[in-house]
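Visitor:
Number of protein chains: 2
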Amino acid sequence: MSKSCILKHFGSYAELEPCHEDLLCSLEKSPRKINAETVLCHEGDIAEAFYTVLSGWLFSYRNMEDGTRQVLDIFVPGDVIGLREFAFTHRLTSVAALTEAEVCEFPKSRMAEIFSNSVLLSSLFFAIGAREQAVLLERLVNLGRRSATQKLAHLTLELLSRLERTNTFSQNEFRMPLPQHVLADALGLSTVHVSRTFTELKEEGLMFRDNNHIQIPNIKRLKDFAGFSPYYLNESVPLDSRN
Amino acid sequence: MSKSCILKHFGSYAELEPCHEDLLCSLEKSPRKINAETVLCHEGDIAEAFYTVLSGWLFSYRNMEDGTRQVLDIFVPGDVIGLREFAFTHRLTSVAALTEAEVCEFPKSRMAEIFSNSVLLSSLFFAIGAREQAVLLERLVNLGRRSATQKLAHLTLELLSRLERTNTFSQNEFRMPLPQHVLADALGLSTVHVSRTFTELKEEGLMFRDNNHIQIPNIKRLKDFAGFSPYYLNESVPLDSRN
DNA sequence: CGCCAGATTGAGATCCATCAAGCGTAGTGG
DNA sequence: CCACTACGCTTGATGGATCTCAATCTGGCG
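Listed in order, the protein sequences are those of chains A and B. The letter at position 229 of the first sequence is residue 230 when you use our numbering, and the numbering goes up by one with no holes. The letter at position 111 of the second sequence is residue 112 when you use our numbering, and the numbering goes up by one with no holes.
1. How is the beta strand (DSSP E) around I75/B delimited, first residue to last?
2. Given this structure, state the Cα-to-Cα distance separating G145/B from E133/A, to the nearest angstrom.
3. Is the shortest distance between the beta-carbon of T198/A and the beta-carbons of chain B less than 8 Å?
4. Taking Cβ-Cβ distances below 7 Å as the criterion, which residues of the region 60-73 of chain A are in contact with chain B?
5. Which residues in chain A have a C-beta closer than 7 Å to the C-beta of R132/B? List them in chain order.
6. Can you give me the start and stop residues for the alpha helix (DSSP H) that S27/A sits inside?
7. Take the Cβ of K78/A as the centre, count every other Cβ of all protein chains shown within 10 Å, and call the residue buried at 16 or more, exposed below.
8. Chain B partners of A113/A, CB-CB under 8 Å?
9. What's the C-alpha gap between A131/A and N213/B?
10. Going by beta carbon distance, what residues of the same chain come within less than 8 Å of N36/A, once the five residues before and after it are set aside?
11. Using C-beta distances below 6 Å, list every residue in its chain close to K34/B, excluding the 5 sequence neighbours before and after it, in chain order.
12. Could you please tell me which residues of the region 162-173 of chain B, in chain order, have their CB closer than 8 Å to any CB of chain A?
13. Check whether the Cβ of L161/B sits closer than 7 Å to any heavy atom of the ligand FMN, and report yes or no.
14. What whole-angstrom Cβ distance do G83/A and F51/A have, given they're in contact under 8 Å?
15. Name the residues in the region 135-165 of chain B whose C-beta lies less than 7 Å from a C-beta of chain A; which are they?
16. Can you pull the chain B residues whose beta carbon is under 8 Å from the beta carbon of H91/A, in chain order?
17. Look at the Cβ atom of L138/A, then the Cβ atom of V96/A, and state whether they are nearer than 8 Å.
18. Would you call the CB atoms of I220/A and L160/A closer than 8 Å?
19. Cβ of P218/A within 8 Å of Cβ of S162/A?
20. Looking at the unbroken beta strand (DSSP E) that takes in I47/B, where does it start and where does it end?
21. Per DSSP, what kind of secondary structure is I115/A in: helix, strand or coil?
22. Could you check where the alpha helix (DSSP H) with N143/B kicks off and where it finishes?
23. Output needed for F209/B: all residues of its chain with C-beta closer than 6 Å, excluding positions within five of it in sequence on either side, in chain order.
24. H91/B bridges to which residues according to DSSP?
25. Please confirm whether L17/A and L8/A have their CB atoms less than 8 Å apart.
26. Going by DSSP, name the residue or residues bridged to V81/B.
27. Does the region 182-194 of chain A come close enough to the region 103-114 of chain A to have 3 or more Cβ pairs within less than 8 Å?
28. Examine chain B for any beta-carbon lying closer than 8 Å to the beta-carbon of G228/A, and answer yes or no.
29. Could you round the C-beta distance between G228/A and Q151/A to whole angstroms and report it? I think they count as a contact, below 8 Å.
30. Counting C-beta neighbours from all protein chains within 10 Å, is the total for M2/A 16 or more, i.e. buried, or is it exposed?
31. Buried or exposed: where does C42/A fall if 16 or more other Cβ atoms within 10 Å of its Cβ makes it buried?
32. Does the Cβ-Cβ distance between F226/A and F127/B come in under 8 Å?
33. Taking Cβ-Cβ distances shorter than 7 Å, what residues in chain A pair up with R85/B?
34. Taking S56/A as the reference, which of N173/A, S5/A and N143/A has the closest Cα?
35. State the beta-bridge partners of P108/A as determined by DSSP.
36. May I ask which residues mark the beginning and end of the alpha helix (DSSP H) holding I220/B?
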């Protein structure tokens with residue numbers, strides 16, 4: 002976490018040369034701390050910047066008229082927040098922090114520099130947008146055609162898989178700082194049912210949760226159960242680094 | 002439909018100059034006809050090209066292990082198919098035609114020409130990707146937090162709104178060539194329930210469907226009912242056309 | 001005329017939501 | 001140190017939305 006986390010993230014897609022690293026770093030302003038449970042931006046705000054996540058977890062959501070809420074993204078270190086608002090003047094969703102977090106602002110207007118100076122970085126940004134789409138797609142499948150237990154297992158596996166990209170840790174346990182009501186709003190369930198679903202997964206021996214700590218005794222068994230295949234997160238076109 | 006439909010689509014986002022038009026057109030191969038009900042590509046195929054839709058409707062889907070299916074995109078003339086596979090070597094979904102259709106292949110590898118030759122077109126492609134994300138986002142909200150009647154109304158309004166971008170027609174009726182089982186797979190419902198839902202909407206006087214023909218007596222009332230706001234489809238940053 | 005796919009309708013079952021109560025832990029103030 | 005509170009989680013009972021299975025209907029088409 003010492004250097005720009007975005008470099009680590011981008012570097013996991015393609016070999017970056019110093020000129021690319023300089024350009025990327027020049028876009029990031031100095032990091033800004035956010036407390037847990039605070040809102041970074043509101044739906045409808047003017048959208049002038051992206052954010053890159055240095056540390057901590059955040060999530061985006063939409064508040065519905067009937068008082069319910071839909072959680073749309075969950076952001077972990079290395080992610081870019083708000084890329085999709087490149088095409089919009091206003092924020093499509095609100096964003097709030099789940100834990101204490103650090104983000105770097107990154108003015109939207111400077112994308113033009115990327116596009117005019119580096120084909121590789123243009124491709125990379127485009128690829129990251131494409132990957133975000135793949136994640137949304139998979140979540141659509143999750144909401145549309147899976148049971149509550151599968152939904153919960155699948156989302157957990159997705160997050161575990163995404164964390165493995167930039168962090169390394171024991172494969173079968175990790176910290177997932179999402180309270181049950183956030184999971185509920187991400188999966189289209191009620192918080193009560195999320196609780197029941199966790200106990201069901203526990204009784205099946207598939208997954209254990211204690212105070213935000215997740216433990217998975219047998220990853221393969223859980224993946225089979227949830228219908229999870231990680232290729233939508235990990236397989237990617239190698240991009241060469243000419244320019 | 003005489004000229005490239007993609008020009009019309011791209012032109013609706015920004016003022017295109019002749020050089021842009023030439024570059025775009027040079028990417029498109031000659032159109033290819035597809036019969037209704039045939040598969041254009043399969044999940045897992047090598048993904049070497051995008052397609053632009055000249056005419057007709059298509060959809061993308063994922064077949065699940067348990068025999069169910071999730072429909073993920075619905076494509077209408079002017080749309081780009083497969084942009085998100087820029088970052089993947091293999092197709093994430095299968096794509097099939099709903100009606101007789103014409104598509105133009107567009108080799109993925111040539112995106113590099115776009116990135117190196119035109120900042121405007123790079124921005125435009127990026128913006129189109131962002132807009133696709135916004136559509137997926139909204140569909141996530143739809144699946145997660147709305148009732149069956151709202152889901153169906155919302156999807157219909159989305160398609161109507163998207164058609165209005167490139168076509169012009171009477172605002173309160175249009176042809177929507179999606180059989181009920183496709184709607185069911187798009188909304189995470191059973192076909193039986195889609196049928197019931199249509200009759201419910203009919204009884205409420207909100208929406209009528211007869212043989213793929215949709216009629217909406219009072220658009221505003223339906224939008225209120227469905228929680229539909231079109232800003233995620235229509236509002237966009239104006240991009241200037243330098244370079 | 002018969003057939004087939006799409007659509008409708010009915011009855012019963014299932015999954016999940018809602019409401020309500022209770023539990024445990026962390027924090028707060030007296 | 002001890003109420004007191006607040007929040008997240010759990011558990012039970014009940015109801016509702018939607019699914020499944022099955023039968024029927026309709027329109028197009030060979």
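The C-beta atom is built at its ideal place from N, Cα and C for all residues, glycine as well. Just so we're clear, the structure is a prediction, and the values are computed from it rather than from any experiment.
Guide: In brief:
1. Numbered from its first residue, the second sequence carries residue 75/B at position 74. Start and end: R70 to F76.
2. For this step, residue 145/B is matched to residue 144 along the second sequence. For this step, residue 133/A is matched to residue 132 along the first sequence. Whole-angstrom Cα-Cα distance: 18 Å.
3. Taking the first sequence and counting its residues from 1, one reaches residue 198/A at position 197. Chain B has no Cβ within less than 8 Å of the Cβ of T198/A.
4. R63, M65, E66, T69, Q71 and L73
5. Indexing the second sequence from 1 puts residue 132/B at position 131. Simply A88.
6. Here residue 27/A corresponds to residue number 26 of the first sequence, with the count starting at 1. Counting along the chain, the alpha helix (DSSP H) containing S27/A begins and ends at P19 to L28.
7. Position 77 of the first sequence, counted from the first residue, corresponds to residue 78/A. In the sequence on display, residue 78/A carries Pro and not Lys. Buried, by the Cβ-count rule.
8. Sequence index remark: in the first sequence, residue 113/A carries index 112 (1-based). V120 and S124, listed in chain order.
9. The residue labelled residue 131/A in the question sits at position 130 within the first sequence. The residue labelled residue 213/B in the question sits at position 212 within the second sequence. One C-alpha to the other measures close to 32 Å.
10. Within the first sequence, the letter at position 35 stands for residue 36/A. Contacts found: A98 and E101.
11. For the purposes of this step, residue 34/B is taken as residue 33 along the second sequence, with counting starting at 1. Answer for K34/B: E103, listed in chain order.
12. Residues passing the 8 Å Cβ filter: none.
13. No copy of the ligand FMN occurs in the structure displayed, which carries no ligand at all.
14. Residue mapping note: residue 83/A aligns to position 82 of the first sequence, counting from 1. Residue mapping note: residue 51/A aligns to position 50 of the first sequence, counting from 1. That pair is a contact at about 5 Å.
15. A135, L137, L138, R140, L141, V142, L144, G145 and R146
16. Residue mapping note: residue 91/A aligns to position 90 of the first sequence, counting from 1. Within 8 Å Cβ-Cβ: Y232 and E236.
17. For the purposes of this step, residue 138/A is taken as residue 137 along the first sequence, with counting starting at 1. For the purposes of this step, residue 96/A is taken as residue 95 along the first sequence, with counting starting at 1. No, the Cβ-Cβ distance between L138/A and V96/A is not below 8 Å.
18. As a first step, residue 220/A is located in the first sequence; it is residue number 219 there, counting from the start. As a first step, residue 160/A is located in the first sequence; it is residue number 159 there, counting from the start. Result no, Cβ atoms of I220/A and L160/A do not sit closer than 8 Å.
19. Against the first sequence, residue 218/A aligns to sequence position 217. Against the first sequence, residue 162/A aligns to sequence position 161. Result no, Cβ atoms of P218/A and S162/A do not sit closer than 8 Å.
20. As a position in the second sequence, residue 47/B is number 46, starting the count at 1. Unbroken run through I47/B: none, as it is neither H nor E.
21. Here residue 115/A corresponds to residue number 114 of the first sequence, with the count starting at 1. Helix, per DSSP.
22. Position 142 of the second sequence, counting from 1, holds the residue named residue 143/B. Where N143/B is concerned, the enclosing alpha helix (DSSP H) stretches over V120 to R146.
23. The sequence position of residue 209/B within the second sequence is 208, counting from 1. Here the set comprises K203 and Q216.
24. The sequence position of residue 91/B within the second sequence is 90, counting from 1. Per DSSP, I47/B.
25. Position 16 of the first sequence, counting from 1, holds the residue named residue 17/A. Position 7 of the first sequence, counting from 1, holds the residue named residue 8/A. The answer is yes: Cβ separation under 8 Å.
26. The residue given as residue 81/B occupies position 80 in the second sequence. DSSP output for V81/B lists T53/B as bridge partner(s).
27. no
28. Here residue 228/A corresponds to residue number 227 of the first sequence, with the count starting at 1. Cβ-Cβ to chain B under 8 Å: yes for G228/A.
29. Walking along the first sequence from the start, residue 228/A turns up at place 227. Walking along the first sequence from the start, residue 151/A turns up at place 150. Going by Cβ atoms, the distance from G228/A to Q151/A rounds to 6 Å, so yes, they are a contact pair.
30. Translated into the one-based positions of the first sequence, residue 2/A becomes position 1. For M2/A, the predicted model reports a pLDDT of 43, less than 50, meaning its position is unreliable; a value from the coordinates is still stated below. Flag for M2/A reads exposed.
31. What you label residue 42/A is simply residue 41 of the first sequence in a count that begins at 1. By the Cβ neighbour-count rule, C42/A is buried, with 16 or more other Cβ atoms within 10 Å of its own.
32. Counted from its first residue, the first sequence places residue 226/A at position 225. Counted from its first residue, the second sequence places residue 127/B at position 126. Going by C-beta atoms, F226/A is not nearer than 8 Å to F127/B.
33. The residue given as residue 85/B occupies position 84 in the second sequence. By Cβ distance, chain A contributes A131, Q134 and A135.
34. On the first sequence, residue 56/A is found 55 positions in, with the first residue counted as 1. Relative to S56/A, the option among N173/A, S5/A and N143/A whose CA is nearest is S5/A.
35. The residue labelled residue 108/A in the question sits at position 107 within the first sequence. Per DSSP, A50/A.
36. If you number the second sequence from 1, residue 220/B lands on position 219. It spans I220 to A227 - the alpha helix (DSSP H) in which I220/B sits, taken as one unbroken run.
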